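Asks: Position 87, counted from 1, in the sequence shown is what this note's numbering calls 83; the numbers after and before it change by one each time, with no gaps.
Note that the Cβ used here is the ideal one computed from N, Cα and C, for glycine as well.
Please read all numbers here as calculations on a predicted model, not as lab measurements.
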Amino acid sequence: MTDDPPFNPALLPAGFVDRLPPEAEAEAAGVETLVRVFAAHGYDRVTPPLLEFETTLLSGAGAAVAAQTFRLMDPDTRRMMALRPDMTPQIARIAATRLPDVPRPLRLSYAGPCILMAPNRGEGDRQISQAGVELIGPDGPHADAEIVALAAECLATLQVRGVSFDLTMPALTTALLDAGGFEGSVRGMLMRALDRKDAAAVARHGGALADVLIRLLHAAGPAQGALAELAAVDLPPAVRALSERLAATVAAIEARVPGIRLTVDPVEFRGWQYHTGVCVSVYAAGQREELGRGGRYLSNDDEPACGITLRPDIILRAAPPLPSRTRIFVPWGTPAEKAAALRAAGYATVSALGPDEDPLVQAALLACTLVVVDGQLVPVNGAEV
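Here you go:
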């Protein structure tokens, strides 16, 4: 005898779900929309594998996502393999190893699922979808601006409202702490205080830089006001150069997308493991989770790159529902060319599988709003043609 509960064939591991109609179709349509926008701006699509050798996937930029990576043994080679938790390191690998001789700037796009060891902040899913772009080669504010502008266009195309882009420069915090000579446990305590936005703790641990760090904490907010506060702070030359790059990127974005909602947080660094320059998180009004994030980093051969990864599953929760195809029931004996013409016109046709089916009953049963009768479309249960 055993006390184990009966096996439930519908039970899935925590963080994994079945996508059912109409959610699965809506997500697929959303991804297709994003990919079309990417392609319209000259981004060529690549499709990296879901599984790679561990030593390959977790090298270069991929080292930063090692803690989120599932691993398993390849029974053929006996080498460890890893499931990707993020597609950006794979694009960096492709650029460096498969496309090193392609002229720069190199514009690549991608879309697909990723598997996480544990849910991201605020999420419950461990299988997530990603769709994004990487711009490899140039290192300048206008390249950063192109990535943000492309994300803004994607979200506008999906009619997401109340979108804002939060910019930060993680290297600025690191450079400030280096300039102040902070090391060891004191540096760790100060970084935790900055991460929590704890001004009192920053004052205790910040030493001679405490006033500067507290002013930067208070500088977060709408872009122009935050940049004005940042410009008024006395910063070491290396840190000033980073703040000026952040300001130049804001100017380039606003010139490219007038009216865009930008915020700046000069000392935010949490979660930007492999990024080296301006970074961006995307939010929408009423949506707690990030719609996407990205920024500047170094490709596998230390080539400058920037990109953004959008989350179609989260975006579609913030967007109005995508229209679904109108379903039309096609009775037995309807000419094939009639059904083909309806599909060409954008309808979904559901065909009878035998002559004995009552068209109106079957149409209602199969969620069709229209039925073909004598070559004409007839509403089912009062539906409009």
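1) Would you mind stating whether I132 and E21 have Cβ atoms separated by less than 8 Å?
2) Quick check: what's the CA-CA separation for D70 versus L47?
3) Count Cβ pairs between the segment 163 to 183 and the segment 199 to 219 that sit closer than 8 Å; are there 3 or more?
4) When the Cβ atoms of the segment 312 to 328 are set against those of the segment 181 to 196, are three or more pairs found closer than 8 Å?
5) Counting Cβ pairs closer than 8 Å, one from the segment 347 to 361 and one from the segment 370 to 379, do we hit at least three?
6) To the nearest angstrom, how far is it from the Cα of V381 to the Cα of L366?
7) Which term fits L349, buried or exposed, when burial requires 16 or more other beta carbons within 10 angstroms of its beta carbon?
8) Between the beta-carbon of R307 and the beta-carbon of Q86, is there less than 8 Å?
9) Going by DSSP, what residues sit across from Y279 in a beta bridge?
10) Kindly indicate the opening and closing residues of the alpha helix (DSSP H) around A35.
11) Can you look up V381 in the DSSP assignment and give me helix, strand or coil?
12) Considering only their Cβ atoms, is the gap separating P134 from G11 smaller than 8 Å?
13) Give every residue of the same chain whose Cβ lies closer than 7 Å to the Cβ of G342, excluding the five residues on either side of it in the sequence, and list them in chain order.
14) Can you give, in chain order, each stretch of the beta strand (DSSP E) that sits fully within the segment 94 to 157 and has at least 3 residues?
15) Can you look up L47 in the DSSP assignment and give me helix, strand or coil?
16) If you draw a straight line from the C-alpha of L242 to the C-alpha of G136, how long is it?
17) Under three-state DSSP, which class holds R89?
18) Using the Cβ count rule (16 or more neighbours within 10 Å means buried), how would you classify P355?
19) Taking A25 and L318 to be in contact with their CB atoms under 8 Å, please state how far apart those CB atoms are, rounded to whole angstroms.
20) Determine the contact status of L104 and V42, defining contact as a CB-CB distance below 8 Å.
21) Between which two residues does the alpha helix (DSSP H) carrying P233 extend?
22) If you run the structure through DSSP and keep just helix, strand and coil, what is L172?
23) Return the CA-CA distance between L7 and L287, expressed in angstroms with no decimal places.
24) Within a Cβ cutoff of 8 Å, which residues of the same chain sit near G255, ignoring the five residues on either side of it in sequence?
25) Give me whichever residues DSSP pairs with L68 in a beta bridge.
26) In the structure shown, what three-state DSSP assignment does V263 receive?
27) For V274 versus M165, is the C-beta distance shorter than 8 Å?
28) According to DSSP, what are the bridge partners of G290?
Replies: If we stick to the structure as given:
1) In the sequence shown, counting from the first residue as 1, residue 132 sits at position 136. In the sequence shown, counting from the first residue as 1, residue 21 sits at position 25. No, Cβ-Cβ distance for I132 and E21 is not below 8 Å.
2) As a working note, residue 70 is residue 74 in the sequence shown. As a working note, residue 47 is residue 51 in the sequence shown. One C-alpha to the other measures close to 10 Å.
3) yes
4) no
5) yes
6) Indexing the sequence shown from 1 puts residue 381 at position 385. Indexing the sequence shown from 1 puts residue 366 at position 370. Summary for V381: the model assigns pLDDT 49, below 50, so the residue's position carries little reliability; its value from the coordinates is reported in the next sentence. Each residue's Cα considered, the two are about 7 Å apart.
7) Along the sequence shown, read from residue 1 onward, the residue named residue 349 stands at position 353. So L349 counts as exposed.
8) Residue mapping note: residue 307 aligns to position 311 of the sequence shown, counting from 1. Residue mapping note: residue 86 aligns to position 90 of the sequence shown, counting from 1. Taking 8 Å as the Cβ cut-off, R307 and Q86 do not qualify as a contacting pair.
9) Indexing the sequence shown from 1 puts residue 279 at position 283. S160, per the DSSP bridge assignment.
10) Here residue 35 refers to the residue found at position 39 of the sequence shown. Unbroken alpha helix (DSSP H) run through A35: E19 to A36.
11) For the purposes of this step, residue 381 is taken as residue 385 along the sequence shown, with counting starting at 1. With a pLDDT of only 49 at V381, under 50, the local geometry of the prediction cannot be trusted, and the value read off the model is given with reservation. It is coil, neither helix nor strand.
12) Locating residue 11 in the sequence shown gives position 15, where the first residue counts as 1. Locating residue 134 in the sequence shown gives position 138, where the first residue counts as 1. Result no, Cβ atoms of G11 and P134 do not sit closer than 8 Å.
13) What you label residue 342 is simply residue 346 of the sequence shown in a count that begins at 1. R321.
14) 102 to 111 and 123 to 132
15) Mapped onto the sequence shown, residue 47 falls at position 51. Here L47 sits in strand by DSSP.
16) For this step, residue 242 is matched to residue 246 along the sequence shown. For this step, residue 136 is matched to residue 140 along the sequence shown. Cα to Cα, L242 sits roughly 10 Å from G136.
17) For the purposes of this step, residue 89 is identified with residue 93 of the sequence shown, where counting begins at 1. Helix at R89.
18) On the sequence shown, position 359 is the one that residue 355 refers to. Buried.
19) Stepping through the sequence shown from its first residue, residue 25 is reached at position 29. Stepping through the sequence shown from its first residue, residue 318 is reached at position 322. The pair is a contact, with the Cβ atoms about 5 Å apart (cut-off 8 Å).
20) Here residue 104 corresponds to residue number 108 of the sequence shown, with the count starting at 1. Here residue 42 corresponds to residue number 46 of the sequence shown, with the count starting at 1. A contact, by the Cβ cut-off of 8 Å.
21) Against the sequence shown, residue 233 aligns to sequence position 237. Taken as a continuous stretch (DSSP letters only), the alpha helix (DSSP H) holding P233 covers P233 to R252.
22) Here residue 172 refers to the residue found at position 176 when the sequence shown is read from its first residue. Correct three-state label for L172: helix.
23) Counting from 1 along the sequence shown, the entry for residue 7 is found at position 11. Counting from 1 along the sequence shown, the entry for residue 287 is found at position 291. If I take the Cα positions, the gap works out to 28 Å.
24) As a first step, residue 255 must be located in the sequence shown, where it is residue number 259. Result list for G255: empty, nothing under 8 Å.
25) Residue 68 sits at position 72 when you count from the first residue of the sequence shown. Per DSSP, M77.
26) Looking up residue 263 in the sequence shown gives position 267. Three-state result, V263: coil.
27) Within the sequence shown, residue 274 is the residue found at index 278, counting from 1. Within the sequence shown, residue 165 is the residue found at index 169, counting from 1. Cβ atoms of V274 and M165: closer than 8 Å.
28) Numbered from its first residue, the sequence shown carries residue 290 at position 294. Partner(s): V276 and I304.
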